[in-house]
Amino acid sequence: MSALEISAKIKAGELKVVDAVRPCLDALKENRHNAFTPVKTGHEERVLKKAESLQKRIDAGEFVDSPLAGVPIGLKDNVSQINELVTGSSKMLTGYESVFNATIVDKIEQAGMLIVGKLNMDEFAMGSTNETSFYGAVTNPHNNDRVAGGSSGGSAAAVAAKEIPLAIGSDTGGSIRQPSAFCGVVGMKPTYGTVSRYGVLAFASSLDQVGAIASNVSDCSALLSVISGEDKLDSTCVTKKPFCLETIDESANLSGLKVGIPRNFLDVDVLDKEIKESVTAAIETFRTAGAIIEEFEMPLMEYIIPAYYIISCAEGSSNFSKYDGLKYGYRSEKAKTLNEVYRLSRSEGFGMEVKRRIMVGSFVLSSGYYDAYYKKALQARELIKNNYLKLFEKFDVILTPTTPITAYKLKSHQTESEIANVGIMKMYMGDIYTASVNLAGLPAISVPCGVDGEGLPIGLQIIGDSFADEKLLGIAKAYENIAGSVVKA
Amino acid sequence: MKFNHELVSYLEDLSCLALSEDEKATLQSDLEKILNHIQIIDKLDTEGVIPRSHPFDNVNAFREDVVVSSFDRELILKNAPEKNDEMFIVPKTVE
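And the structure:
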């Protein structure tokens with residue numbers, strides 16, 4: 072049952088909120104894919120109690136305009152919810168209880184939705200396999216030997232395994248779209264600024280965007296309509312509300328649509344043959360449905376990953392200076408001086424991938440290297456952005472694979488204890504199709520478009536022009552309608 | 123570019139970390155590999171290009187500057203590793 076159907080049944084009195092949420096709580100307890108992070112004692116009782124009170128409000132006629140009233144949802148473990156644990160799946164924040172709600176949590180509650188729990192992620196969103204999580208990797212519901220992807224791995228896996236109907240994710244360089252592709256679900260990173268980031272643990276503030284993961288495009292649209300909109304607590308949040316469920320044209324068709332295909336994206340060495348075939352078939356689906364397909368050469372391709380890593384690490388190293396062992400979070404017991412409190416707490420509290428990226432960030436921002444790396448990356452960003460502006464004068468959407476390969480084997484980037492050197496670059500190259508979208512602030516959605524020989528899902532990425540999110544969702548829906556359910560859950 | 127032990131220690135200071143010798147050795151090799159990959163950016167002609175630090179030109183949507191209540195002290199101190207009733211406690215900083 073889709074999230075929209077769950078809500079419709081609840082509002083029609085055919086389903087109780089408690090009965091909708093109980094299977095989710097059972098899944099949380101069982102945690103078959105390690106998609107959920109730990110909860111406080113008495114959690115289940117508290118959620119069930121909330122479900123009962125929510126039921127009363129729905130019965131009394133509240134939330135009639137909410138498309139998702141009564142629907143259970145999971146939050147990525149970087150979203151602050153008052154009096155609940157939020158850890159960024161890091162040892163640094165184990166036991167940390169938020170004292171406020173993220174704006175999106177308020178919006179979710181105002182829409183009459185019910186939060187089930189928190190979802191596992193790469194530590195502070197730094198990773199693409201969910202293996203950097205303090206709580207361990209999330210397994211892929213399609214194959215337990217494979218990763219769910221990351222950093223929103225728990226969000227994608229829990230939706231794919233039908234443990235929850237909807238999940239919140241965040242996306243800095245592909246962290247919603249890549250795990251959605253790996254797990255065969257729909258994941259959208261909207262235009263930068265359309266969803267508030269207040270109360271969401273920051274990784275790279277100019278790239279981070281909160282978005283939705285669902286089992287189908289309509290559910291994804293509905294969730295985005297709930298969480299988007301201006302926020303006085305986030306100055307980067309735009310003032311207009313670009314998501315209105317009513318104006319997403321669910322009957323949109325692909326006829327006459329101008330679709331750009333970056334030819335060189337399909338010719339990169341790292342692209343898996345089966346993904347190329349699957350995405351080529353999806354392009355043919357668009358063509359058959361009347362879309363006008365035109366290939367082009369994406370300029371600056373080789374600069375995307377370097378610019379993305381330089382900027383994200385720089386912003387991350389700066390954002391993470393707040394984890395100092397003083398005000399909240401982990402404090403080293405070995406520390407005797409103030410300086411030791413800072414240094415030892417950070418060294419013991421952060422995992423290796425986070426330390427690695429902080430070091431890269433410190434390097435590119437340091438005196439003598441700033442101009443050569445950080446400033447240069449910001450200039451590359453400007454060129455990448457300008458290029459997209461030109462492309463969207465010509466195209467309605469751009470189609471690419473979401474990822475160059477399907478879900479990695481667990482620990483394929485690691486040696487005995489650390490991520491192997493050869494694996495680091497392989498892991499980073501996985502962001503080749505997704506990262507430029509964040510650099511330019513564009514909306515992009517990953518929709519399932521097939522499976523490989525091993526039955527692992529393949530994602531098609533549809534990139535739209537900035538603030539054309541509703542149009543993008545309409546197009547994704549039209550593709551979904553034609554392509555049908557190509558990935559068996 | 124070569125990453126020597128000295129540069130790793132310098133970055134360790136800037137990052138406010140205290141790394142073990144093993145971690146330093148791992149990071150020295152990792153950083154060298156990462157930096158060798160990302161320094162391709164040096165080849166990009168960026169003459170006259172304005173650096174972009176934000177996806178859109180209109181960076182901030184400002185609200186009215188009105189004083190509103192923030193968090194109670196009790197809440198701010200709730201997650202502190204060490205505290206008393208009104209402040210965070212840290213090791214003595216002046217001998």
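Here the protein sequences come in this chain order: U and Y.
Here the numbering used here is used: the first sequence runs in plain steps of one and ends on residue 560.
Here the numbering used here is used: the second sequence runs in plain steps of one and ends on residue 217.
Note that CB positions come from ideal geometry on N, CA and C, so glycine has one too.
Residues of the stretch 502–521 of chain U with a Cβ closer than 9 Å to any Cβ of chain Y, in chain order: N509, L510, A511, G512 and L513.
When the beta-carbon positions are compared, E194(U) and V425(U) come within less than 8 Å of each other. With contact defined as three or more Cβ pairs closer than 8 Å, the stretch 376–383 of chain U and the stretch 334–348 of chain U are not in contact. Around the beta carbon of C315(U), fewer than 16 other beta carbons sit within 10 angstroms, so the residue counts as exposed.
When DSSP reads this structure, F210(Y) sits in a beta bridge with K205(Y). Nearest in C-alpha terms to K162(U), of all of G207(U), S438(U), E453(U) and G331(U), is G207(U). Put simply, the CB of M259(U) is far from chain Y, with every gap to its CB atoms at 8 Å or more.
Chain Y has a Cβ within less than 8 Å of the Cβ of M430(U). If the five residues before and after S349(U) are omitted, its C-beta is found closer than 7 Å to the C-beta atoms of C520, G521 and I529, all from its own chain and listed in chain order. The shortest C-alpha to C-alpha distance from P143(U) to any of T356(U), I469(U) and L99(U) is the one to L99(U). Around the beta carbon of Q126(U), a 10 Å sphere encloses 16 or more other beta carbons of the protein chains shown; the residue is thus reported as buried. Residue pairing of R217(U) in beta bridges, as defined by DSSP: K480(U). Using a Cβ distance threshold of 8 Å, S296(U) and V230(U) do not count as a contacting pair. Counting C-beta pairs with one atom in each stretch, the stretch 242–256 of chain U and the stretch 215–232 of chain U have three or more that are closer than 8 Å, which means they touch. In this structure, Q161(Y) sits away from F125(Y), with a CB-CB distance that is not shorter than 8 Å. Taking 8 Å as the CB threshold, G198(U) stays off the interface with chain Y.
Around S137(Y), the beta-carbon contacts reaching into chain U at under 7 Å are S388, I429, M430 and S433. The residue among C95(U), V89(U) and D540(U) with its C-alpha nearest the C-alpha of I319(U) is D540(U). For S277(U), the three-state secondary structure derived from DSSP is coil.
Where M430(U) is concerned, there is no enclosing beta strand (DSSP E), although the alpha helix (DSSP H) around it starts and stops at M423 to L436.
The count of Cβ pairs closer than 8 Å, one atom from the stretch 184–196 of chain Y and one from the stretch 531–538 of chain U, stays below three, leaving the stretches out of contact. Cβ-Cβ distances below 7 Å link Y413(U) to D395 and G396 in the same chain, with the five nearest sequence neighbours on each side left out; the list follows chain order. Excluding residues up to 5 positions away in sequence, P370 and L371 lie with their Cβ nearer than 7 Å to the Cβ of N458(U) in the same chain. Residue ranges of uninterrupted beta strand (DSSP E) with 3 or more members, entirely inside the stretch 80–154 of chain U and ordered along the chain, are 143–147. Assignment of beta strand (DSSP E) within the stretch 172–247 of chain U, counting only whole runs of 3 or more residues, yields 185–190, 214–218 and 237–242 in chain order. DSSP, reduced to helix, strand and coil, places A515(U) within a strand of the structure shown. As far as DSSP is concerned, Q249(U) takes part in no beta bridge.
Taken in chain order, the members of the stretch 300–312 of chain U whose beta-carbon sits within less than 8 Å of a beta-carbon on chain Y are E301, K303, S306, T307, C308, V309 and T310.
Contact annotation: S276(U) and E453(U) have beta-carbon atoms that are not nearer than 8 Å. Remark: C-beta atoms of G501(U) and N214(U) do not approach each other more closely than 8 Å. Residue burial is scored here from C-beta neighbours: E145(Y) has at least 16 other C-beta atoms within 10 angstroms and is therefore classed as buried. Look at M259(U) here: in three-state DSSP terms it is strand. With distances taken between CA atoms, T505(U) lies nearest to P475(U) out of R93(U), A140(U), S160(U) and P475(U).
Around A183(Y), the beta-carbon contacts reaching into chain U at under 8 Å are E301, S306, T307, C308, V309 and T310. Here A285(U) carries a strand assignment [DSSP, helix/strand/coil]. Assignment of beta-bridge partners to V330(U) by DSSP yields I364(U) and V468(U).
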